[in-house]
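Numbers 1 to 128, taken from UniProt numbering, label the letters of the sequence shown in order. C-beta: ideal position from N, C-alpha, C; glycine also.
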Amino acid sequence: METTKSVLSSLVSLLRTYGHRLLAELTDEEIHWVPSQTRGRSIYSYFLHLINSEYYWFKDFGFSTPEYLGKDAPFDELLQSYNDLENYLIETIHNIPDDQFFLPTKFLEISIFRKNYNIYFLFYEIVT
Numbered sequence: 001m002e003t004t005k006s007v008l009s010s011l012v013s014l015l016r017t018y019g020h021r022l023l024a025e026l027t028d029e030e031i032h033w034v035p036s037q038t039r040g041r042s043i044y045s046y047f048l049h050l051i052n053s054e055y056y057w058f059k060d061f062g063f064s065t066p067e068y069l070g071k072d073a074p075f076d077e078l079l080q081s082y083n084d085l086e087n088y089l090i091e092t093i094h095n096i097p098d099d100q101f102f103l104p105t106k107f108l109e110i111s112i113f114r115k116n117y118n119i120y121f122l123f124y125e126i127v128t
């Protein structure tokens, strides 16, 4: 099994484009809706958490990223940050020296990941 930078970049782009399209089509009401009588969070809250988590992990691995987004950031700014992170991810993948590029996909061959065609199996099938 060979996983190339271009395959990984295509996968990142595919998944993030799909995510962006879903989020961009939401109304303001849908973005801020919270299930009643629960301690649930809105899509806005989860999306903000996702972006700041990506910033955190990039910083933890020694990459430079923008400052964390605040709770009052407009949703359009979240979408733009999401797109910027996609570009940053793809650029980072392509800048990894070939002799240091390694994507451990062997664990995906374990039967538990193939069970019920879950998301891990989908990634495995796309990458292999």
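Nearest-angstrom Cα separation, counted from residue j out to residue i
i	j	result
N52	E67	9 Å
I31	S42	6 Å
F107	I90	Any reading at F107 must be qualified, since the residue scores a pLDDT of 49, below 50, and its modelled position is unreliable; no value is offered.
V7	W57	22 Å
L15	P35	26 Å
L22	Q100	34 Å
T27	L48	16 Å
A73	Y55	15 Å
T17	L50	15 Å
Given residue i as reference, the closest of the options once Cα atoms are compared
i	options	result
Y88	F63, D98, G70	F63
Q80	G19, K5, T4	G19
Y82	L69, I93, T38	L69
Y44	D76, Q100, T38, L85	D76
A24	T92, L78, E54	L78
Next item on the list: Any chance you could list the alpha helix (DSSP H) runs of at least 4 consecutive residues sitting entirely within the segment 17 to 104, in chain order?
Entry: Complete alpha helix (DSSP H) runs here, min 4: 28 to 32, 43 to 60, 75 to 95.
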